[in-house]
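> Mind the numbering: the sequence shown is residues 1 to 97 in full-length UniProt numbering, read in order. Note that beta-carbon positions come from the ideal geometry of N, C-alpha and C, so glycine has one too. These numbers come from a predicted model, not from an experiment. Could you have a look at this structure, given as structure tokens, before my questions?
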Amino acid sequence: MIGGHGAGGYYDPESIAQHAQLTQQRAEDISTAVSALMSAAQELEQVWSDLPGRQFKSDFDEWAGSAGPVVERLEEFAQRLRAAAARYQAIADGAAP
């Protein structure tokens, strides 16, 4: 394990990179799940043409509009973790004998 001590305490570039990878994977998992739900809702929309169906579609559209930003924020967070891991790795490489 490569790491060191910085002003904020101990850091481990490998661990940070692993967290970035896990965060990215979760973002992809959520994106896949949202896509599947969107497909299912579109199928329901074809048969639910009455008032309750239209009300559900409105509620679902509201939810779907909020799901996209969650995925985007997770992807941003993963990118920031990867950048932090790279910076810490550069520090560790520079500090290595």
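Cβ atoms of Ile30 and Leu81: under 8 Å apart, would you say?
Residue mapping note: residue 81 aligns to position 81 of the sequence shown, counting from 1. Residue mapping note: residue 30 aligns to position 30 of the sequence shown, counting from 1. Result no, Cβ atoms of Leu81 and Ile30 do not sit closer than 8 Å.
> Less than 8 Å separating the beta-carbons of Ala63 and Phe56?
Looking up residue 63 in the sequence shown gives position 63. Looking up residue 56 in the sequence shown gives position 56. One point to set straight first is that residue 63 is Trp, not Ala, in the sequence displayed. For Trp63 and Phe56, no; Cβs fall outside 8 Å.
> Please classify Pro97: is it buried, with 16 or more other beta-carbons within 10 angstroms of its beta-carbon, or exposed?
The sequence position of residue 97 within the sequence shown is 97, counting from 1. Low confidence applies to Pro97: its pLDDT is 46, below 50, so where it sits in the model is not reliable, and the reading given next is rough at best. Exposed is the call here.
> For Thr23, I'd like the list of residues in its chain whose CB is within less than 7 Å of its CB, leaving aside the five on either flank, ordered along the chain.
For the purposes of this step, residue 23 is identified with residue 23 of the sequence shown, where counting begins at 1. Leu74, Phe77, Ala78 and Leu81.
> What number of angstroms, rounded off, separates the C-alpha of Ala83 from the C-alpha of His19?
Along the sequence shown, read from residue 1 onward, the residue named residue 83 stands at position 83. Along the sequence shown, read from residue 1 onward, the residue named residue 19 stands at position 19. The alpha-carbon atoms of Ala83 and His19 are separated by roughly 12 Å.
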